[in-house]
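Peer 1: Chains as they are written, first to last, in this note's numbering: chain A, 1 to 256; chain B, 1001 to 1288. Just so you know, even glycine gets a beta-carbon here, dropped at the ideal spot from N, CA and C. Just so we're clear, the structure is a prediction, and the values are computed from it rather than from any experiment.
(1) Just verifying my parser: in three-state terms, what is the DSSP assignment at residue 1122(B)?
(2) Going by alpha carbons, who is nearest to residue 1127(B) out of 1240(B), 1045(B), 1178(B) and 1233(B)?
(3) Looking at chain A, which residues of the region 1030-1058 of chain B have a Cβ within less than 7 Å of any of its Cβ atoms?
(4) Measuring only the C-alpha atoms, how far is residue 1092(B) from residue 179(A)?
(5) Measure the beta-carbon distance from residue 1043(B) to residue 1017(B) and round it to whole angstroms, keeping in mind my assumption that it falls under 8 Å.
(6) Residue 46(A) CB to nearest chain B CB: under 7 Å?
(7) Would you identify the three-state DSSP class for residue 1243(B), choosing helix, strand or coil?
(8) Here's the rule I'm using: 16 or more other beta-carbon atoms within 10 Å means buried, otherwise exposed. How should residue 1283(B) be labelled?
(9) Just grab the DSSP bridge partners of residue 1249(B) for me.
(10) Compare the C-alpha of residue 1249(B) against each of 1233(B), 1261(B), 1262(B) and 1129(B) and name the closest.
(11) Grab me the residues of residue 1111(B)'s own chain with a C-beta within less than 7 Å of its C-beta, minus the 5 sequence neighbours each way, in chain order.
(12) Of the choices 130(A), 230(A), 211(A) and 231(A), whose alpha-carbon is the least far from that of residue 242(A)?
(13) Note the first and the last residue of the continuous alpha helix (DSSP H) segment covering residue 47(A).
(14) Can you tell which of 12(A), 163(A) and 24(A) has its C-alpha closest to the C-alpha of residue 55(A)?
(15) May I ask which residues mark the beginning and end of the alpha helix (DSSP H) holding residue 1215(B)?
(16) Give the single residue among 182(A), 233(A) and 171(A) whose Cα lies nearest to the Cα of residue 66(A).
(17) Whose C-alpha, out of 168(A), 191(A), 81(A) and 150(A), is nearest the C-alpha of residue 1026(B)?
(18) Quick check on DSSP: helix, strand or coil for residue 253(A)?
(19) Residue 246(A) and residue 181(A) - do their beta-carbons sit closer together than 7 Å?
(20) Please compile the residues from chain B whose C-beta is within a distance smaller than 8 Å of the C-beta of residue 248(A).
(21) Taking residue 1060(B) and residue 1066(B) to be in contact with their CB atoms under 8 Å, please state how far apart those CB atoms are, rounded to whole angstroms.
(22) Would you mind telling me which residues of chain A sit closer than 7 Å to residue 1015(B), beta carbon to beta carbon, in chain order?
(23) So, residue 1171(B) versus residue 1230(B), is the Cβ gap smaller than 7 Å?
(24) Any beta carbon from chain B within less than 7 Å of residue 191(A)'s own beta carbon?
(25) Does the Cβ-Cβ distance between residue 153(A) and residue 205(A) come in under 7 Å?
(26) To which residues of the same chain is residue 1208(B) closer than 7 Å at the C-beta, ignoring the five residues directly before and after it?
(27) Say whether the region 43-53 of chain A touches the region 109-118 of chain A, bearing in mind that this needs 3 or more beta-carbon pairs closer than 8 Å, one atom from each stretch.
(28) By the 10 Å Cβ neighbour count, where 16 or more other Cβ atoms means buried, how is residue 193(A) classified, buried or exposed?
(29) So which residues of chain B does residue 186(A) contact, with C-beta pairs closer than 7 Å?
(30) Rounded to the nearest angstrom, what separates residue 1153(B) and residue 87(A) at their Cα positions?
(31) Of all Cβ atoms in chain A, is any one closer than 7 Å to the Cβ of residue 1104(B)?
(32) Do you know offhand how far residue 1189(B)'s Cα is from residue 1203(B)'s?
(33) So with CB distances below 9 Å, who are the chain B contacts of residue 135(A)?
(34) CB residue 207(A) to CB residue 60(A), shorter than 7 Å?
(35) Output the boundary residues of the alpha helix (DSSP H) element that contains residue 1210(B).
(36) Any beta carbon from chain B within less than 7 Å of residue 94(A)'s own beta carbon?
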């Protein structure tokens, strides 16, 4: 990126993707070396995971509630309100849970990681680490990547659970679907392997890896100016969102 | 130090919460919740037609779930389905002359096996057999007894046009199939209202291969299935003359509304509202 300036948009974005791929290899290679900084990984996990809980839970609740409300009204046309629980659960597990969690995660945690690393570079902290023989890939990049990888599936599970609760709240408590019908239709249809492992776990792991990689990469390669950090933060959100939605299609085609 | 401890605790809480949510999703909202691992015993039942019955479908007695369908296979040497039912050991006192039936929950719901108790003093044992079974009654068959039958559409070569007048065509539209004996023999070309005669003029394009239709045949507007699309059924008459291009079919029967039909069978048409099978509780006590 700082090696040469290309005017061509295509070759510039190709170069970005290529650098990102190489960066992924470097981070993966640095993961074993980051073992001694386990505490830093835990701190990052706290920052990107535990601190994101509030927004994830709130959004999960509202997504579930609005799904319950919409589905109840549409399904009542066909006399099928009993299927509300099923459809809420399936749509949250298979699509909305992983995708919305990943988008929120990119906005909440990815931007913060990018800005933090970008400022570290701008204020020469990373250069200082190198001088002190501390590998910045192992100390800065790898813990944040690992934290994103671990936090995403957990956040997604919380999101899904709150979504089901929201759907139950609207469907059963407010709109009067029978409680037993709601749960039994859901448990009849949802398969552990197909929906929860393939839908929730694998997808959110993949999204977590992608968002964390993009966030760390953009921060790590940001131009060391305040403008550069601002652009890098924006690019994190844009690139993550596109990558999540594109990857979602591919993963759905493979996993379902 | 306290700063470090607080985030460690927070992270731990976060991880525990995440895994708790995963455990909740996997065990409470998925099919695992249905699988209770109590001891079961296996009972054999053979059905001529199991319809949409699937493995792990519930087995019910008096509406109470007592087990599930363990396996479904085609019996050797006969076109009957061999269904193995895994029934909870707690319900070990099922008389040997009980009847197993494939039921549908609701009109469009899933199918399950219902067992009605017999009167024998002997109880069915592990690996035993339910000799008396009743097969699934496909809704289409039941309705087909009242109405015409459904069926797939056919490719069409050349065709000839006949017209028919109906006082009510329901939701019939251009492109709907025309069937005779359940076989698609043509398409509806157009449906037009005739203001002068206050009825609907329907033009049917019938495949040239089917040119042996007596000209006193009757045309009726039927519905395929309960909520299916509507089609024109032709019931052949006995005239020696055949329908030709441009003829009009005189005998027609208009679309019947399902609501009308059901109203004729059921006297208590006023909706009771509660459609769930609340057969097990005599008083709706919990509804307040």
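Peer 2: Put simply:
(1) coil
(2) 1045(B)
(3) 1030, 1031, 1032, 1033 and 1034
(4) 30 Å
(5) Their Cβ separation, rounded to whole angstroms, is 44 Å, which puts residue 1043(B) and residue 1017(B) out of contact at 8 Å.
(6) yes
(7) Coil, per DSSP.
(8) Confidence in residue 1283(B) is poor, its pLDDT being 40 and thus under 50, which makes the residue's placement too unreliable to answer from.
(9) 1164(B)
(10) Its Cα nearest to that of residue 1249(B), the residue 1233(B) stands out among 1233(B), 1261(B), 1262(B) and 1129(B).
(11) 1051, 1052, 1053, 1057, 1102, 1103, 1104 and 1136
(12) 211(A)
(13) 38-48
(14) 163(A)
(15) Per DSSP, residue 1215(B) belongs to no alpha helix (DSSP H) and is neither H nor E.
(16) 171(A)
(17) 191(A) is the residue among 168(A), 191(A), 81(A) and 150(A) whose C-alpha sits nearest the C-alpha of residue 1026(B).
(18) helix
(19) no
(20) Those do not exist, as residue 248(A) stays about 19 Å from chain B at its closest Cβ, beyond 8 Å.
(21) 7 Å
(22) Going along chain A in sequence order, the residues near residue 1015(B) (Cβ under 7 Å) are 154.
(23) yes
(24) yes
(25) yes
(26) Only 1157, 1158, 1159 and 1160 meet the Cβ criterion.
(27) The region 43-53 of chain A is in contact with the region 109-118 of chain A.
(28) exposed
(29) 1029
(30) With a pLDDT of 41 at residue 1153(B), under the threshold of 50, the predicted position of this residue should be treated as unreliable, though the coordinate-derived value follows. C-alpha separation (whole angstroms): 32 Å.
(31) No, residue 1104(B) does not count as interfacial toward chain A.
(32) 5 Å
(33) Within 9 Å Cβ-Cβ: nothing; residue 135(A) doesn't reach chain B, min ~22 Å.
(34) The beta carbons of residue 207(A) and residue 60(A) sit no closer together than 7 Å.
(35) Run containing residue 1210(B): none; DSSP gives neither H nor E here.
(36) no
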